[in-house]
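Just below is one structure, and these are the notes that go with it.
2 protein chains.
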Amino acid sequence: MPTVKINRRLLNRDKLEAEITAEAVRVFAECGYEGTSIATVADNAGLSKQNLMYYFPTKQALYQRVLDEVLDDWLARMESLAAAGQDPREVLRAYVQAKLKFSRENPWASRVYAMEVISGAPLYGGQIQTRVVPLVRKDIEVFEQWISEGKIAPVNATHLLFAIWAMTQSYADFSAQMALVLNRKQLTKKDFDDAEKVIVDMVLAAISVPQQPSGGDGP
Amino acid sequence: MPTVKINRRLLNRDKLEAEITAEAVRVFAECGYEGTSIATVADNAGLSKQNLMYYFPTKQALYQRVLDEVLDDWLARMESLAAAGQDPREVLRAYVQAKLKFSRENPWASRVYAMEVISGAPLYGGQIQTRVVPLVRKDIEVFEQWISEGKIAPVNATHLLFAIWAMTQSYADFSAQMALVLNRKQLTKKDFDDAEKVIVDMVLAAISVPQQPSGGDGP
DNA sequence: GTCTATAATGGGATAGAC
DNA sequence: GTCTATCCCATTATAGAC
Chain A
190 MPTVKINRRL
200 LNRDKLEAEI
210 TAEAVRVFAE
220 CGYEGTSIAT
230 VADNAGLSKQ
240 NLMYYFPTKQ
250 ALYQRVLDEV
260 LDDWLARMES
270 LAAAGQDPRE
280 VLRAYVQAKL
290 KFSRENPWAS
300 RVYAMEVISG
310 APLYGGQIQT
320 RVVPLVRKDI
330 EVFEQWISEG
340 KIAPVNATHL
350 LFAIWAMTQS
360 YADFSAQMAL
370 VLNRKQLTKK
380 DFDDAEKVIV
390 DMVLAAISVP
400 QQPSGGDGP
Chain B
190 MPTVKINRRL
200 LNRDKLEAEI
210 TAEAVRVFAE
220 CGYEGTSIAT
230 VADNAGLSKQ
240 NLMYYFPTKQ
250 ALYQRVLDEV
260 LDDWLARMES
270 LAAAGQDPRE
280 VLRAYVQAKL
290 KFSRENPWAS
300 RVYAMEVISG
310 APLYGGQIQT
320 RVVPLVRKDI
330 EVFEQWISEG
340 KIAPVNATHL
350 LFAIWAMTQS
360 YADFSAQMAL
370 VLNRKQLTKK
380 DFDDAEKVIV
390 DMVLAAISVP
400 QQPSGGDGP
């Protein structure tokens, strides 16, 4: 049965490519695009450089595949806010939790994406434009819907979302510095739980207060 | 007068080195450490590669000098919180403003530093340990002093500070993505003002609420 | 699909004249 | 301090045998 053979081969190919990209994510995150040599990735994945280039003809192809998988993975876990209808407070709590979970479980993915954006997204700006921006806009619309329904306070939805992203993603991107401050080798589950409490409280406070005045305070 | 000549030469040298590092910050931020060629930096600064290497014998020396200047600049603008004694609300407002100002006026500095940290701070971890961490710890102590005096709500000071950092720094580091969402070429002054309002309100809400419950909500 | 070999390029760094 | 010339190495990518 040639069909079976072909299928098995294809399965093996997929599996091997997955192993390669899994290593590539880590190396790209730690060394940057230019700092990553495909020989290092190949070594970590347990095959020769030339063999890797059979599966990924160029370094850019490997990099873009890595970014694609990072984005796929992230989008798959981040449908929460769009699927609204529930209590905004619970939706936002779940959203923060999901983002923090991603930062904890997939720090390299977050870092590769972050480095690409920090560099100005020279290679991935198009994908961000077509795949990320529409989703963000949809999330912002959810916020504004809540506001118009009087369910949450009239905050600036765009910047609130930016704030949530920044706070949660930083636990992947800047964990090295955080670990130095906290005097440990790496962040623990408890650190993420503490972070979750602080962030959730801040976000809920932001949408709860009817109209927090930006100047002056009470007697 | 040889003394004058020497002084003038030293001044010129300082000025030239400043021009070199000013260009280097931008290139390192856009291309990463490995992605940056000293030839490119030299070109942008208007001198030859070999001439640049007269002032900075190695690429690493140039990079570390860039990071040193970034950190010097940042520390110089960030004494605000430590010099406390005032109303916590005003101190925190000024702190957020100062951090956002730095992000707006010096985005490349922020990005170079961010990329180094994201990569795990392989070359600058020591300096972060000795120069940044003590300052952060001091800021955290200020928070905890406020808490013990009953001036602010009992929040987790460490993670609140992480949150403030993340929110403010992201307007430098992730401005490319934000600009795509906001559909502009780059962030405007108004965007930073909007951001300031949202962030300040969130931070003040976080320290104002006596004890924000992390579950359930009022009637 | 995997291997050996090899092109071809770019970039960090050095030597030495002026 | 600035220039020309050059070395040396790492790395991407290709060619071709098996």
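Quick mapping for you: the protein sequence lines, in order, are chains A and B. Quick note on numbering: the first sequence equals residues 190 to 408 in my numbering. Quick note on numbering: the second sequence equals residues 190 to 408 in my numbering. Note that the Cβ used here is the ideal one computed from N, Cα and C, for glycine as well. It should be emphasised that the depicted structure is a prediction, and the values quoted were computed from it without experimental measurement.
Beta-carbon contacts of residue i that lie in its chain and below 6 Å, excluding the five residues immediately before and after
i, result
"A:S308", "none"
"A:A346", "I329, F332, E333"
"B:V216", "T225, T229, V230"
"A:G405", "The predicted model places A:G405 with a pLDDT of 41, which falls under 50 and marks its position as unreliable; any figure quoted below should be read in that light. Excluding sequence neighbours, A:G405 sits near nothing in its chain."
"A:Q275", "none"
"A:E258", "T210"
"A:Q401", "Confidence is the limiting factor: at A:Q401 the pLDDT is only 46, short of 50, which leaves the residue's position unreliable, though a coordinate-based value still follows. Around A:Q401: no qualifying Cβ."
Contact set for residue i: own chain, Cβ-Cβ below 8 Å, skip 5 residues either direction
i, result
"A:L393", "R278, L281, R282"
"A:V344", "F332, I336, A395, I396"
"B:N233", "E212, R215, V216"
"A:R320", "L260, L264"
"A:G314", "none"
"A:V325", "L350"
"A:E338", "none"
"A:S237", "A231"
"A:H348", "none"
Own chain, CB closer than 7 Å to residue i, minus 5 neighbours either side, in chain order
i, result
"A:K194", "Its pLDDT being 45, under 50, A:K194 is placed unreliably in this model, and the value from its coordinates should be taken loosely. Counting only Cβ-Cβ distances below 7 Å, and skipping sequence neighbours, we find nothing."
"A:K374", "A368"
"A:R202", "none"
"A:F351", "none"
"A:I317", "A310"
"B:D262", "N295, A298"
"A:M248", "The question names Met, but residue 248 of chain A in the sequence shown is Lys. Cβ neighbours of A:K248 beyond the five flanking positions: I227."
"B:P246", "none"
Whole-angstrom C-beta distance between residue j and residue i, which should lie under 8 Å
i, j, result
"A:L289", "A:Y244", "Between A:Y244 and A:L289 the Cβ distance is about 33 Å, and since that is not below 8 Å, they are no contact."
"B:M391", "A:A211", "Not really, about 36 Å apart at Cβ, beyond 8 Å."
"A:S292", "A:T357", "6 Å"
"B:V322", "A:V322", "Rounded, the Cβ-Cβ distance is 37 Å, inconsistent with contact."
"A:A355", "B:A355", "4 Å"
CB of residue i within 8 Å of CB of residue j, strictly
i, j, result
"A:E223", "B:G221", "yes"
"B:L241", "B:I209", "yes"
"B:L376", "B:Y302", "no"
"A:M304", "A:A287", "no"
"A:A265", "B:V306", "no"
"A:S299", "A:A361", "yes"
"B:I341", "B:Y284", "no"
"A:A218", "A:W297", "yes"
"B:Q239", "B:L312", "no"
Range covered by the alpha helix (DSSP H) that runs through residue i
i, result
"A:Y252", "248 to 266"
"A:I388", "378 to 397"
"A:Y236", "A small correction: the amino acid at residue 236 of chain A is Leu; Tyr does not occupy that position in the sequence shown. First-last for A:L236: undefined, no H or E at that position."
"B:F291", "277 to 294"
"A:F332", "322 to 337"
"B:A365", "364 to 371"
Exercise. Count the C-beta pairs between the stretch 381 to 391 of chain A and the stretch 376 to 389 of chain B that are closer than 8 Å, then say yes if the count reaches three, no if not.
Key: no
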